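Let me begin by presenting the structure, written as C-alpha cells, before commenting on it.
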Amino acid sequence: MEIERVFTGIPGFDELVNGGIPKRNIVLIAGGPGTGKTIFAMQYIYNGLVRGEPGIYVALEEHPVQVRINMAQLGWDPKRFEEQGKFAVIDAFTGGFGEAAKRERYVVKSVDDVQTLLDVLRTAIKDLNASRVVVDSVTTLYITKPVIARSVVLQLKKLLSGIGCTSLLVSQVSITERGFGGPGVEHAVDGIIRLDLDEIDGRLYRSIIIWKMRGTSHSMSRHPFEITNKGIQIYPKQTLKVYRQQVSPSEIGGGTDE
Ligand SMILES: Nc1ncnc2c1ncn2[C@@H]1O[C@H](COP(=O)(O)OP(=O)(O)O)[C@@H](O)[C@H]1O
Ligand SMILES: [Mg+2]
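This note's numbering puts the first residue of the sequence shown at 759, with every later residue one more than the last.
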C-alpha cells in the first residue's frame, strides 16, 4: 500500500526521502548552533501554508514577534495565513509578559508546565485543523531536567501523531556532539535529520544527513546544502565527505551551545 507523504517543498529534500516525510511522523531536526534548524522548520511550515495545509509554530527560543519577522525576511510572511486562521504561533517564550505578548492568542506561561503546553497545542491544532507542527526547540522543555526528556517527547508524539499531524521537533546539540539529543529522545522519534556545519580547510560547509525515517527508504549519504535569502537549498545529487577530528571522550555528550 502506498503510504501518505507530506511534501516539505524544501528544494532537494523530498528527493532524499522518496517524495516526502511519511504522514504522522515525528521527526527530530538535530544540529549545532547556526546549522539551519530554525530556517528548515520555518520553510516546512510555510510551504505547507501555500499548499493549503495549516501549520503551527511552537516558539520556545524566540519571541513570537521575532519568529514572524524572521519568516518574513526569508520571503515567508505568515501574516495573511494567520489572519485567515491557517497559521498560529504558540508563545511559550514570553511567559505572558510584555505588551506584544498580550496580543498573542496562544500562550504557555511556563515551559516547565508540559501539560499546559500540550493542552494549548491540542486546542490550536483543532482550531486551525493543522496538519504541520514545529516545536522550536524541544530541547528547551527538558534542558534542566534530562530525565523527563523521553517522557516529554513521547507525550508530544502521542498528541501530534494521534491527531494526524506531521511534526518537526528541533533538537539542539553542542558543536562537538555527534548525537541527536540524547538516547531517550533519539529512540522515541520516527525520524532524525541531522544538519551539520564543518570546517574544512578554513571554510565552513553545510551538510544534511538523514539518520532515520520510519516508513520509507531514504538517502544514506551526506548531502551539501546552502542557506540563501530564499531559505534552504539542498543538493541531492552531490555528496560531501567529512573527515571529523577524533573527538575526545570528555567532549562527547555535553550540553548545548545555545
Ligand atoms: N539570508 C541569509 N543568507 C544566507 N545565510 C543565512 C541567511 N539568513 C540566515 N543565514 C544563515 O543561517 C544561520 C541561522 O540559521 P538558523 O536556522 O537560525 O540556525 P539554528 O536554528 O540551527 O541555530 C545563520 O547563522 C546564517 O549562517
Ligand atoms: Mg534555532
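Every residue gets a Cβ at the ideal spot worked out from N, C-alpha and C, and that includes glycine.
Just so we're clear, the structure is a prediction, and the values are computed from it rather than from any experiment.
Among the residues of its own chain, which have a CB less than 6 Å from the CB of residue i, if the five just before and after it don't count?
i	result
Met829	Met800, Pro836
Lys781	Glu762, Val764, Thr924
Leu998	Ser965, Arg980, Pro982
Val775	Met971, Thr974, His976
Ala946	Arg908, Val911, Leu912
For residue i, count the other beta carbons within 10 Å of its own beta carbon; 16 or more makes it buried, fewer makes it exposed. Which is it?
i	result
Met971	buried
Ser868	exposed
Pro822	buried
Gln930	buried
Arg826	buried
Tyr804	buried
Ser975	exposed
Ile958	exposed
Glu862	buried
Thr986	exposed
Thr796	buried
Phe845	buried
Gly770	buried
Gly810	exposed
Val1000	exposed
Please check the pair residue i and residue j, which I expect to be a contact at CB under 8 Å, by giving their CB distance rounded to whole angstroms.
i	j	result
Tyr963	Pro982	7 Å
Val816	Val893	4 Å
Pro812	Ser889	6 Å
Leu917	Leu955	Incorrect: roughly 32 Å between the Cβ atoms, too far for contact.
Tyr802	Leu914	Contact doesn't hold; Cβ gap of about 16 Å is too wide.
Tyr864	Asp849	6 Å
Ile883	Ile814	6 Å
Please confirm whether any heavy atom of ligand 2 lies closer than 7 Å to the CB of residue i.
i	result
Glu819	yes
Asp894	yes
Let me check you understand the geometry: is the CB of residue i closer than 7 Å to at least one non-hydrogen atom of ligand 3?
i	result
Gln831	Inclusion of ligand 3 in the displayed structure is not the case, the ligand content consisting of ligand 1 and ligand 2 alone.
Tell me which same chain residues have a C-beta within less than 7 Å of the C-beta of residue i, skipping the five on either side of it?
i	result
Glu820	Phe851
Asp1067	The question about residue 1067 has no answer, for the chain in this structure spans 759 to 1016.
Pro922	Inspection of the sequence shows that residue 922 is occupied by Gly rather than by Pro. Closer than 7 Å at Cβ, skipping near neighbours: Arg782, Ser889.
Can you list, in chain order, the residues of its chain whose CB lies under 8 Å from that of residue i, leaving out five sequence neighbours each side?
i	result
Phe938	Leu786, Ala788, Ser929, Val931, Glu944, Ile950, Arg952, Trp969
Lys988	Leu832, Gly833
Val910	Val872, Val896, Leu899, Tyr900
Environment of ligand 1 in chain order, Cβ to heavy atom below 6 Å:
Gly789, Pro791, Gly792, Thr793, Gly794, Lys795, Thr796, Ile797, Ile985, Thr986, Asn987
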